[in-house]
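One structure below.
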Amino acid sequence: MVRRWTTASPVFSRTKCISPWISTRPYSVHTPETRGTSRPRRHILSTLNPALLVPEDYLDLSHRRGIQVSFAKSMNHTQFLHYEDLKTARCTTFPTTCSGFFHYHRDRAAAPLEGSVRFRVTPQSAPSSFQHGHDLLLPSGLPWQVILPQVACRTTCAGIRDQLLEENLATAEQLSECLALFGDRDKIYPNTTLFRLNQEFAVNLSASSKPTVVGQALYSFAIRHMFQAYCGKKQCFQWDGSGVARFEPSTDPKYGRRRVVHLRITKIITPVSRSTMIQGHPEVLLKPEEGQLLTRCYRGVELPEPWAYDIDEKDSLMATALRVLWDNSRIP
Numbered sequence: 045m046v047r048r049w050t051t052a053s054p055v056f057s058r059t060k061c062i063s064p065w066i067s068t069r070p071y072s073v074h075t076p077e078t079r080g081t082s083r084p085r086r087h088i089l090s091t092l093n094p095a096l097l098v099p100e101d102y103l104d105l106s107h108r109r110g111i112q113v114s115f116a117k118s119m120n121h122t123q124f125l126h127y128e129d130l131k132t133a134r135c136t137t138f139p140t141t142c143s144g145f146f147h148y149h150r151d152r153a154a155a156p157l158e159g160s161v162r163f164r165v166t167p168q169s170a171p172s173s174f175q176h177g178h179d180l181l182l183p184s185g186l187p188w189q190v191i192l193p194q195v196a197c198r199t200t201c202a203g204i205r206d207q208l209l210e211e212n213l214a215t216a217e218q219l220s221e222c223l224a225l226f227g228d229r230d231k232i233y234p235n236t237t238l239f240r241l242n243q244e245f246a247v248n249l250s251a252s253s254k255p256t257v258v259g260q261a262l263y264s265f266a267i268r269h270m271f272q273a274y275c276g277k278k279q280c281f282q283w284d285g286s287g288v289a290r291f292e293p294s295t296d297p298k299y300g301r302r303r304v305v306h307l308r309i310t311k312i313i314t315p316v317s318r319s320t321m322i323q324g325h326p327e328v329l330l331k332p333e334e335g336q337l338l339t340r341c342y343r344g345v346e347l348p349e350p351w352a353y354d355i356d357e358k359d360s361l362m363a364t365a366l367r368v369l370w371d372n373s374r375i376p
């Protein structure tokens with residue numbers, strides 16, 4: 045059964061070193077405790093707010109297997125943050141030239157429960173260089189991040205929870221909602237957790253993927269058929285390769301006010317090549333190109349057209365999930 049919390053007024057209670065799940069409210073900000081000096085070296089950060097960074101928050105993660113951080117107002121909690129190759133699900137070293145600042149990111153168009161801790165790679169150690177930097181990326185092409193549902197559900201993220209609450213970067217209500225939705229999940233996958241349209245996610249052109257959509261509940265659906273075509277009597281993937289994609293609302297005037305969604309390939313990570321499984325069969329799916337809408341040939345239609353999905357016309361898991369993404373998005 046999914047755990048659901050009720051939340052009192054947003055006043056922080058302060059408790060000493062107890063489990064973050066044992067409290068009269070779902071989250072409480074913890075006060076520091078004196079610890080021994082035998083703990084591994086950790087880095088104390090002053091803030092996760094990009095506007096309040098100081099030079100002492102600057103870190104060099106290059107070639108490190110991980111880093112321990114804590115925050116000045118919750119030093120009894122230490123977070124071990126590592127770099128992960130999503131293809132192998134193994135921890136690996138941080139990339140070369142990986143220096144900058146941890147920060148909390150929330151897009152201007154963010155959905156209610158959307159937000160994440162990221163690492164900003166900057167050209168200098170001065171906080172003023174933040175705007176000239178870029179977020180650290182994973183091999184998948186997506187940002188390295190710890191998303192809000194992970195912060196809410198991981199006991200190892202207590203210090204991050206405290207800091208987000210302390211700085212009003214997230215609310216107790218947001219964290220409680222995330223815990224209610226994701227609390228029973230053993231694993232949360234940031235690269236396929238979707239909150240709204242126009243949010244990028246990882247795709248494999250020759251394998252099925254299963255995004256999780258966040259709304260009043262969680263909705264999962266398979267991304268497969270738009271990359272497939274019939275090879276004789278069975279469906280086959282037409283292309284090999286991987287990339288980053290996003291669902292976006294159609295602006296084609298022929299659809300009028302209908303809610304139609306396209307899929308855009310925003311970045312190619314692994315070069316695209318024709319699958320050996322479809323040799324001798326017609327090319328139904330045009331070669332996916334970076335920056336272009338996914339385009340297919342349709343029976344009875346003279347020219348190829350972008351893949352299009354009418355979310356109100358269909359009754360499927362995908363339609364339900366895409367309706368949630370549409371409703372979570374700020375579409376005129």
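All the letters of the sequence shown, read from the start, carry residue numbers 45 to 376 under this note's numbering. All residues carry an ideal CB built from backbone N, CA and C; glycine is no exception. As the structure is a prediction and not an experimental result, all values here were calculated from the model.
Quiz item: For Gln412, which residues does DSSP report across the bridge?
Solution: The requested residue 412 is not part of the displayed model; the chain covers only 45 to 376.
Quiz item: Apart from the five residues on each side of it in sequence, which residues of its chain come closer than 7 Å, Cβ to Cβ, to Leu125?
Solution: Here the question's residue 125 lines up with position 81 in the sequence shown. Gly110, Ile111 and Val113, listed in sequence order.
Practice problem: Drop a sphere of 10 angstroms on the beta-carbon of Glu346, count the other beta-carbons inside from all chains shown, and report buried for 16 or more, exposed for fewer. | Solution: In the sequence shown, the residue the question calls residue 346 occupies position 302. Glu346 is exposed by the Cβ-count criterion.
Self-check item: Distance, Gln218 Cα to Val258 Cα
Solution: Numbered from 1 along the sequence shown, position 214 holds the residue referred to as residue 258. Numbered from 1 along the sequence shown, position 174 holds the residue referred to as residue 218. Approximately 12 Å between the Cα atoms of the pair.
Exercise. Can you tell me which of Ala214, Ile267 and Thr256 puts its alpha carbon nearest to the alpha carbon of His226?
Key: In the sequence shown, residue 226 corresponds to position 182, counting from 1. The sequence given here places Phe at residue 226; His does not occur at that position. The option with the nearest alpha carbon to Phe226 is Thr256.
Quiz item: Which first and last residues belong to the alpha helix (DSSP H) in which Ile204 is found?
Solution: The residue you call residue 204 lines up with position 160 of the sequence shown. In this chain, the alpha helix (DSSP H) harbouring Ile204 covers Ala202 to Glu210.
Practice problem: Going by DSSP, name the residue or residues bridged to Asn248. | Solution: Position 204 of the sequence shown holds residue 248. DSSP output for Asn248 lists Ser286 as bridge partner(s).
Quiz prompt | Nearest neighbour of Arg108, chosen from Thr141, Asp101, Arg162 and Gly177 [CA to CA] | solution = Position 64 of the sequence shown, counted from the first residue, corresponds to residue 108. Nearest C-alpha to Arg108: Thr141.
Self-check item: Where Asp206 falls, given that 16 or more other Cβ within 10 Å makes a residue buried
Solution: Numbered from 1 along the sequence shown, position 162 holds the residue referred to as residue 206. Per the 10 Å Cβ criterion, buried.
Quiz prompt | Backbone CA spacing between Met362 and Ile88 [nearest angstrom] | solution = Taking the first residue of the sequence shown as 1, we reach residue 362 at position 318. Taking the first residue of the sequence shown as 1, we reach residue 88 at position 44. Rounded to whole angstroms, the gap between the alpha carbons of Met362 and Ile88 is 44 Å.
Practice problem: Report buried or exposed for Gln282, applying the criterion of at least 16 other Cβ atoms within 10 angstroms of its Cβ. | Solution: Locating residue 282 in the sequence shown gives position 238, where the first residue counts as 1. Counting C-beta atoms within 10 angstroms of its own C-beta, Gln282 has 16 or more neighbours from the protein chains shown and is therefore classed as buried.
Exercise. Ignore the nearest five residues each way along the sequence and tell me which others in Phe291's own chain have a CB closer than 7 Å to its CB.
Key: In the sequence shown, counting from the first residue as 1, residue 291 sits at position 247. For Phe291, where only same-chain residues beyond five positions count, the Cβ hits under 7 Å are Leu241, Val305, Leu307, Leu366 and Leu369.
Quiz item: Quick one, which of Tyr127, Pro167, Ile313 and Pro156 has its alpha-carbon nearest Gln189's?
Solution: Residue mapping note: residue 189 aligns to position 145 of the sequence shown, counting from 1. Cα-wise, what sits closest to Gln189 is Tyr127.
Exercise. Report the rounded CA-to-CA distance for Ala261 versus Phe239, giving the unit in angstroms.
Key: Taking the sequence shown and counting its residues from 1, one reaches residue 261 at position 217. Taking the sequence shown and counting its residues from 1, one reaches residue 239 at position 195. Their backbone Cα atoms lie some 11 Å apart in a straight line.
Quiz item: How do the region 312–320 and the region 329–344 stand: do at least 3 beta-carbon pairs fall below 8 Å, yes or no?
Solution: At 8 Å Cβ cutoff, the stretches touch.
Quiz item: What residues in its chain sit with their C-beta under 7 Å from that of Arg374, if we drop five residues either side in the sequence?
Solution: The sequence position of residue 374 within the sequence shown is 330, counting from 1. Apart from the 5 residues on each side of it in sequence, Arg374 sits with its Cβ closer than 7 Å to the Cβ of Ala153 in its chain, given in chain order.
Quiz item: Identify the residues that DSSP records as bridge partners of Ala273: which are they?
Solution: On the sequence shown, position 229 is the one that residue 273 refers to. Cys280, per the DSSP bridge assignment.
Quiz prompt | Own chain partners of Ser252 with C-beta closer than 6 Å, once the 5 adjacent residues on each side are dropped | solution = Mapped onto the sequence shown, residue 252 falls at position 208. Excluding five sequence positions before and after Ser252, the CB atoms of its chain that fall closer than 6 Å to its own CB belong to Ala266 and Arg268, given in chain order.
Exercise. Please classify Ala196: is it buried, with 16 or more other beta-carbons within 10 angstroms of its beta-carbon, or exposed?
Key: Position 152 of the sequence shown, counted from the start, is the residue given in the question as residue 196. Using a 10 angstroms sphere on the CB of Ala196, the tally of other CB atoms reaches 16 or more, which defines it as buried.
Quiz prompt | Contacts around Phe271, its chain only, beta-carbon distance under 6 Å, and the 5 residues preceding and following it disregarded | solution = One-based indexing of the sequence shown puts residue 271 at position 227. Once the five neighbours on either side are set aside, the close Cβ partners of Phe271 are Leu249 and Phe281.
Practice problem: Compare the beta carbon distance of Phe138 and Arg164 with 8 Å and say whether it is the shorter of the two. | Solution: Along the sequence shown, read from residue 1 onward, the residue named residue 138 stands at position 94. Along the sequence shown, read from residue 1 onward, the residue named residue 164 stands at position 120. Not closer than 8 Å, so no.
Quiz prompt | Beta-bridge pairing of His121 - partner residues as DSSP gives them | solution = By 1-based counting over the sequence shown, the position of residue 121 is 77. DSSP output for His121 lists no bridge partner at all.
Quiz item: If you pair each beta-carbon of the region 87–103 with each one of the region 177–184, do three or more pairs fall below 8 Å?
Solution: The region 87–103, when compared against the region 177–184, does not touch it at the 8 Å Cβ threshold.
Quiz prompt | Proximity to Gly203 [Cα-Cα], best of Arg343, Ser118, Ser286 and Ile355 | solution = Here the question's residue 203 lines up with position 159 in the sequence shown. The residue with the shortest Cα to Cα distance from Gly203 is Ser118.
Quiz prompt | Min CB distance Pro350 to chain B below 8 Å | solution = Looking for chain B here will not work: only one protein chain is present.
Quiz item: Would a C-beta distance cut-off of 8 Å place Gly287 and Ile322 closer than the cut-off?
Solution: Position 243 of the sequence shown, counted from the first residue, corresponds to residue 287. Position 278 of the sequence shown, counted from the first residue, corresponds to residue 322. It is not a contact, given that the beta carbons lie outside the stated cut-off.
Quiz item: Is Ser360 helix, strand or coil when you go by DSSP?
Solution: Locating residue 360 in the sequence shown gives position 316, where the first residue counts as 1. DSSP places Ser360 outside both helix and strand once states are collapsed to three, so it counts as coil.
Self-check item: Terminal residues of the beta strand (DSSP E) in which Cys403 lies
Solution: No answer is possible for residue 403: the residues shown for the chain start at 45 and end at 376.
Self-check item: Beta-carbon proximity check, Ala170 vs Pro99, cutoff 8 Å
Solution: Locating residue 170 in the sequence shown gives position 126, counting from the first residue. Locating residue 99 in the sequence shown gives position 55, counting from the first residue. Yes, Cβ-Cβ distance for Ala170 and Pro99 is below 8 Å.
Practice problem: Mind checking which residues open and close the beta strand (DSSP E) that includes Val258? | Solution: If you number the sequence shown from 1, residue 258 lands on position 214. Thr256 to Val258 is the extent of the beta strand (DSSP E) around Val258.
Practice problem: Return yes when the Cβ of Leu92 is within less than 8 Å of the Cβ of Glu211, no when it is not. | Solution: For the purposes of this step, residue 211 is taken as the residue at position 167 of the sequence shown. For the purposes of this step, residue 92 is taken as the residue at position 48 of the sequence shown. Going by C-beta atoms, Glu211 is nearer than 8 Å to Leu92.
Quiz item: For Val161, which of Gly344, Glu327, Leu213 and Arg303 has the nearest alpha-carbon?
Solution: Along the sequence shown, one-based indexing puts residue 161 at 117. If you compare the alpha carbons of Gly344, Glu327, Leu213 and Arg303 with that of Val161, the shortest gap goes to Leu213.
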